[in-house]
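Colleague: The structure that follows is given in the form of structure tokens.
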Amino acid sequence: MTEPGSTTTSSGAYAAEVGEPVADSLVEIDDLRVHFPIKRGIVLDRTVGHVYAVDGVSLRIGRGETYGLVGESGCGKSTLGKAVLRLEKPSGGSVRFDGTDMSRMSGEPLRRMRRRMQMVFQDTLSSLDPRQSVESLLVEGMRAHGLDRGAERTERELRELLSAVGLPASALRKYPHEFSGGQRQRIGIARALAVRPDLVVADEPVSALDVSVQAQVLNLLEDLQEEFGLTYLVIAHDLAVVRHVARRIGVMYLGGLVEESDSDSLYERPLHPYTKALLSAVPVPEPEVEDRRERILLSGDLPSPAAPPTGCRFHTRCPWRQPTRCDTERPEPRDLGGGHRVACHYAEEIRDGLITPNPAEGSSSAGIS
Amino acid sequence: MALLEVRDLSVRFVRRHEPTVSAVDGISFDVHPGSTVGLVGESGCGKSVTSLAIMGLLPQRGTEVSGSAKLAGSELLRLSRREFDRRRGKEIGMVFQDPLTSLNPVVPIGVQISEVIERHRGLSRRDAKREAARLLDRVGIPDPTRRLGEYSHQLSGGMRQRALIAMALACEPRLLIADEPTTALDVTIQAQILSLLRELVAETDTALIMITHDLGVVAGMCDEVNVLYAGRIVERAQRHELFSRPRHPYTAGLMASVPRLDSPRGQRLAPIDGSVADNIPWERGCAFSPRCGNALAVCGQRAPELETTDAGEQLRCHNPVDATETVERADD
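Chains A and B, in that order, are what the protein sequence lines are.
No gaps in the numbering here: position 40 of the first sequence is 40 in the UniProt record's numbering, and each next residue is one more.
No gaps in the numbering here: position 218 of the second sequence is 218 in the UniProt record's numbering, and each next residue is one more.
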């Protein structure tokens, strides 16, 4: 995350930072798969298929950086976040946290490891126990991890924590329903920070909040990262939010990572057809931009993750679909320079304008308008 | 002449043992055929209650509606329930945020659409069914004849919203009210639905009231924008004027607090302080004043009136943002 004040990063500095693989990564995900069995039958549970929620994702999250994961509902971004925290057991592949393979851990070592990774949820009302006071909510985690050493010290730490997230000390005796949505999200963040984690996974941290309050929470996350040296994995459907907070962004589609890059280059030069469509679909609060921008409308809906299309998962909706390879061969993410990875067979040709989008087809609105 | 004229519309919720809540507090606006008017604001600003009042969908017990809403010259607010039933759906179509709760889960969507056509247009069952298929095709649902027999749970979110739009269009209403029509949808599906709505307005001369909290949607859709705060319109302008130089501190604040896809990364957002819980009642002063960076002493003592500015916009503010200033995003 850039420091406030340095508004833009020069491209030279960027290339040096992102060009090489992140030397010091906190989280290393390799070929991660999370498949959920679909069961049928009354007496015998027969597995009749799988939902391929996450299907072969590899990525690195550098220490102290903010990694943004975007995608539409059902793309597997939340499942990936849970798998990083080992709240979902991977069906294949590995998640290494600070060098330790989490997928093989269990019991007490896993529990102790969990102190170092915390989660901030979307729905602040359902993720805070309505019958616990703020104090009890915050102390619970500390106690579980043996960080609660003496009433006086804990009390002081709680006050510091509350002031860090911008709540008055009087909040300790109150209950979640006494706060507004934005304040509740601050409590959720304070709870995550109470055990002094290294990694915070924030799943849609602001999407339930009013626009004017979203900015408060985003700024807060930024400040806390600097103050506590946190690493963030921010999961969101809102590209503008992710672009604002994250240095590196991964775009997911139907269980796979289709594009990954630093956020400026992703926005300026999206290479994957899905990312192009996604970026062109986000409304921008500026009439001039809205009037003249080129929209890439995708035809149809997201296919079911229980029966993903063969080959490239996006080929059923892709305006740049080609007759060969797209429907037979699944593209692997390739580095097209500067750490910009794209999973598309024809990324270079599309970038250089050698392939043009197919004309609109059928009754549904496809193609470029 | 305007198709819809709303004058001094107020909605109050009266409850025993609890203070009366003024959800909408004297709102006036016009909607012309073939144009899109936006009602924008955050949760609790009264934008949805306004639309429910116009459509006569507020519960009768405990609500006091006053003012006037005239559709093509005829008053809507004094209609009896039966008269409303006859006109709603025929002259005014509506699209809601959540298509799953707006559709009946145990009736095939084809029946739900042809029901509207049979009732308001008096077509036979067979013709109504054919018309329903035509409508589904019109809103971009592939294989419409097969879809007619399906239930709402068999459709995807985007398709449900299309079905709902088809239903709203069934009687070619002159006025369409869309209340957060794309909030529950993914962005790529949202783009599909918005382009469909844009097309409809352009082709059929329908008037559209677009209710949303998303400034991006407003920027791309609306001709005129009404910004609501705590039940009152605080600013009204054409969209180009509103976005290039917002005059009300609330409008300006909203714009500065949204992260934008096209702004340089690393810029700090400038949030509005506090939340709607900090409002003061309009009777005491400007409801926004406790959160306002431009607030003067007078703001907490006397509520400003909605006045026309030199530029022809409407503004409710004692100390507006300087008109010569463009939107500044704080970078500290």
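Where a beta carbon is used, it is the ideal one built from N, C-alpha and C, also for glycine.
Owing to the predicted nature of the structure, the values given are computational and were not obtained by experimental measurement.
Under 7 Å between beta-carbons, which chain A residues line up against residue 42 of chain B? List them in chain order, please.
Modeller: Position 42 of the second sequence, counted from the start, is the residue given in the question as residue 42 of chain B. Correct list: 210, 211, 212.
Colleague: Go through its chain and collect everything with a Cβ distance to residue 22 of chain A's Cβ below 7 Å, but skip five positions before and after it.
Modeller: Numbered from its first residue, the first sequence carries residue 22 of chain A at position 22. Residue placement at residue 22 of chain A is flagged as unreliable, the pLDDT there being 47, under the threshold of 50; the coordinate-derived value follows with that caveat. Same-chain partners within the cutoff: 60, 62.
Colleague: What residues from chain A crowd round residue 258 of chain B, counting only those whose CB sits closer than 8 Å?
Modeller: The residue given as residue 258 of chain B occupies position 258 in the second sequence. Those are 211, 214, 215, 240, 285, listed as they occur along chain A.
Colleague: Answer with buried or exposed for residue 177 of chain A, where buried requires no fewer than 16 other C-beta atoms within 10 angstroms of its C-beta.
Modeller: Within the first sequence, the letter at position 177 stands for residue 177 of chain A. Exposed, by the Cβ-count rule.
Colleague: Kindly identify the DSSP beta-bridge partner or partners of residue 36 of chain A.
Modeller: Within the first sequence, the letter at position 36 stands for residue 36 of chain A. DSSP lists A/51 as partners of residue 36 of chain A.
Colleague: Compare the C-beta of residue 218 of chain A against all C-beta atoms of chain E and say whether one is closer than 8 Å.
Modeller: Absent from the structure is chain E; the protein chains it does hold are A and B.
Colleague: Just curious, the beta strand (DSSP E) that residue 26 of chain B is in, first and last residue?
Modeller: To locate residue 26 of chain B, count along the second sequence from 1; it is residue 26. It spans 18–31 - the beta strand (DSSP E) in which residue 26 of chain B sits, taken as one unbroken run.
Colleague: Using a Cβ-Cβ cut-off of 6 Å (strictly less than) and excluding sequence neighbours within five positions of residue 221 of chain B, which residues of its own chain qualify?
Modeller: Translated into positions along the second sequence, residue 221 of chain B becomes position 221. Closer than 6 Å at Cβ, skipping near neighbours: 36, 210.
Colleague: Just tell me which of B/52, B/71, B/191 has its CA closest to the CA of residue 64 of chain B.
Modeller: For the purposes of this step, residue 64 of chain B is taken as the residue at position 64 of the second sequence. Ranking the options by Cα distance to residue 64 of chain B, first place goes to B/52.
Colleague: Given a cut-off of 8 Å on the beta-carbon distance, is the pair residue 66 of chain A and residue 215 of chain A in contact?
Modeller: By 1-based counting over the first sequence, the position of residue 66 of chain A is 66. By 1-based counting over the first sequence, the position of residue 215 of chain A is 215. Going by C-beta atoms, residue 66 of chain A is not nearer than 8 Å to residue 215 of chain A.
Colleague: Rounded C-beta distance between residue 120 of chain B and residue 89 of chain B? I'm assuming under 8 Å.
Modeller: The residue you call residue 120 of chain B lines up with position 120 of the second sequence. The residue you call residue 89 of chain B lines up with position 89 of the second sequence. Sure, about 6 Å apart at Cβ, within 8 Å.
Colleague: Which value, in whole angstroms, describes the spacing of the CA atoms of residue 239 of chain B and residue 138 of chain B?
Modeller: Within the second sequence, residue 239 of chain B is the residue found at index 239, counting from 1. Within the second sequence, residue 138 of chain B is the residue found at index 138, counting from 1. Distance between the alpha carbons of residue 239 of chain B and residue 138 of chain B: 29 Å.
Colleague: Tell me, to the nearest whole angstrom, how far the beta carbon of residue 231 of chain B is from that of residue 46 of chain B; I am working on the premise that it is less than 8 Å.
Modeller: In the second sequence, residue 231 of chain B corresponds to position 231, counting from 1. In the second sequence, residue 46 of chain B corresponds to position 46, counting from 1. So it is a contact: roughly 4 Å between Cβ atoms.
Colleague: Start and end of the alpha helix (DSSP H) containing residue 82 of chain A?
Modeller: On the first sequence, residue 82 of chain A is found 82 positions in, with the first residue counted as 1. Its alpha helix (DSSP H) spans residues 77–84.
Colleague: For the segment 153–172 of chain A against the segment 198–209 of chain A, do three or more pairs of beta-carbon atoms, one drawn from each stretch, fall closer than 8 Å, so that the two count as touching?
Modeller: The answer is no - the segment 198–209 of chain A does not touch the segment 153–172 of chain A, with fewer than three Cβ pairs under 8 Å.
Colleague: In the structure shown, what three-state DSSP assignment does residue 174 of chain A receive?
Modeller: Working through the first sequence from its first residue, we reach residue 174 of chain A at position 174. Residue 174 of chain A: coil per DSSP, three-state reduction.
Colleague: What ranges does the beta strand (DSSP E) occupy inside the segment 198–223 of chain A, keeping only unbroken runs of at least 3 residues that lie completely in it?
Modeller: As far as the segment 198–223 of chain A is concerned, its whole beta strand (DSSP E) runs of at least 3 residues are 199–203.
Colleague: Please confirm whether residue 197 of chain A and residue 86 of chain A have their CB atoms less than 8 Å apart.
Modeller: Working through the first sequence from its first residue, we reach residue 197 of chain A at position 197. Working through the first sequence from its first residue, we reach residue 86 of chain A at position 86. It is not a contact, given that the beta carbons lie outside the stated cut-off.
Colleague: So, for residue 321 of chain A: in the same chain, excluding its five sequence neighbours on each side, which residues have a beta-carbon less than 7 Å away from its beta-carbon?
Modeller: Against the first sequence, residue 321 of chain A aligns to sequence position 321. Closer than 7 Å at Cβ, skipping near neighbours: 315, 358.
Colleague: Counting only runs of 4+ residues fully inside the segment 80–132 of chain B, write out the alpha helix (DSSP H) ranges in chain order.
Modeller: With a minimum length of 4 residues, the continuous alpha helix (DSSP H) runs that stay inside the segment 80–132 of chain B are 81–87, 99–102, 109–121.
Colleague: Using the beta-carbon of each residue, which ones in chain A are nearer than 8 Å to residue 213 of chain B?
Modeller: Within the second sequence, residue 213 of chain B is the residue found at index 213, counting from 1. By Cβ distance, chain A contributes 210, 211.
Colleague: Given a threshold of 16 other Cβ atoms within 10 Å of its Cβ, counted over all protein chains shown, does residue 41 of chain B qualify as buried or as exposed?
Modeller: Counted from its first residue, the second sequence places residue 41 of chain B at position 41. Its Cβ being crowded by 16 or more others within 10 Å, residue 41 of chain B is buried.
Colleague: Nearest-angstrom Cα distance between residue 312 of chain A and residue 73 of chain A?
Modeller: The residue given as residue 312 of chain A occupies position 312 in the first sequence. The residue given as residue 73 of chain A occupies position 73 in the first sequence. C-alpha separation (whole angstroms): 19 Å.
Colleague: Roughly how many whole angstroms lie between the Cα atoms of residue 93 of chain B and residue 287 of chain B?
Modeller: Counted from its first residue, the second sequence places residue 93 of chain B at position 93. Counted from its first residue, the second sequence places residue 287 of chain B at position 287. Computed Cα separation, rounded: 33 Å.
Colleague: So, do the segment 293–307 of chain B and the segment 233–249 of chain A have three or more beta carbon pairs nearer to each other than 8 Å?
Modeller: Not touching, per the Cβ criterion.
Colleague: If you check the beta carbons only, do residue 135 of chain B and residue 79 of chain B fall under 8 Å apart?
Modeller: In the second sequence, counting from the first residue as 1, residue 135 of chain B sits at position 135. In the second sequence, counting from the first residue as 1, residue 79 of chain B sits at position 79. No, Cβ-Cβ distance for residue 135 of chain B and residue 79 of chain B is not below 8 Å.
Colleague: Just reading off the beta strand (DSSP E) that residue 228 of chain B is part of, what are its end residues?
Modeller: Looking up residue 228 of chain B in the second sequence gives position 228. Note, residue 228 of chain B: beta strand (DSSP E), 224–229.
Colleague: Whose Cβ in chain B lies nearer than 8 Å to the Cβ of residue 281 of chain A?
Modeller: As a working note, residue 281 of chain A is residue 281 in the first sequence. What residue 281 of chain A touches in chain B: 187, 188, 190, 191.
Colleague: Among the residues of its own chain, which have a CB less than 8 Å from the CB of residue 103 of chain B, if the five just before and after it don't count?
Modeller: As a working mapping, residue 103 of chain B is identified with position 103 in the second sequence. These residues qualify, in order along the chain: 109, 112, 152, 160, 163, 164.
Colleague: I want to verify the contact list: residues of chain B whose CB lies under 7 Å from the CB of residue 73 of chain A, in sequence order.
Modeller: Your numbering for residue 73 of chain A matches position 73 in the first sequence. Those are 186, listed as they occur along chain B.
Colleague: Give a yes or no on whether the minimum CB-CB distance between residue 4 of chain A and chain B is below 8 Å.
Modeller: As a first step, residue 4 of chain A must be located in the first sequence, where it is residue number 4. Note that residue 4 of chain A has pLDDT 43, beneath the 50 cutoff, so the model's placement of it is unreliable and the number below is only indicative. So, interface residue.
Colleague: With distances taken between CB atoms, is the gap from residue 232 of chain A to residue 200 of chain A smaller than 8 Å?
Modeller: Position 232 of the first sequence, counted from the first residue, corresponds to residue 232 of chain A. Position 200 of the first sequence, counted from the first residue, corresponds to residue 200 of chain A. Closer than 8 Å, so yes.
Colleague: Please list, in chain order, the residues of the segment 242–258 of chain B that have any C-beta partner in chain A closer than 9 Å.
Modeller: The segment 242–258 of chain B vs chain A, Cβ under 9 Å: 242, 243, 244, 250, 253, 254, 255, 256, 257, 258.
Colleague: Can you tell me the Cβ-Cβ gap for residue 242 of chain B and residue 258 of chain B, rounded? I've got them flagged as a contact below 8 Å.
Modeller: Numbered from its first residue, the second sequence carries residue 242 of chain B at position 242. Numbered from its first residue, the second sequence carries residue 258 of chain B at position 258. Incorrect: roughly 14 Å between the Cβ atoms, too far for contact.
Colleague: Check whether the segment 135–142 of chain A touches the segment 156–168 of chain A, taking contact to mean three or more Cβ pairs, one atom from each stretch, closer than 8 Å.
Modeller: Flag = yes, the segment 135–142 of chain A and the segment 156–168 of chain A touch.
Colleague: What distance in whole Å lies between the Cβ atoms of residue 32 of chain A and residue 83 of chain A, which are believed to be in contact at a cut-off of 8 Å?
Modeller: Sequence index remark: in the first sequence, residue 83 of chain A carries index 83 (1-based). Sequence index remark: in the first sequence, residue 32 of chain A carries index 32 (1-based). Indeed they touch by this definition, with Cβ atoms about 6 Å apart.
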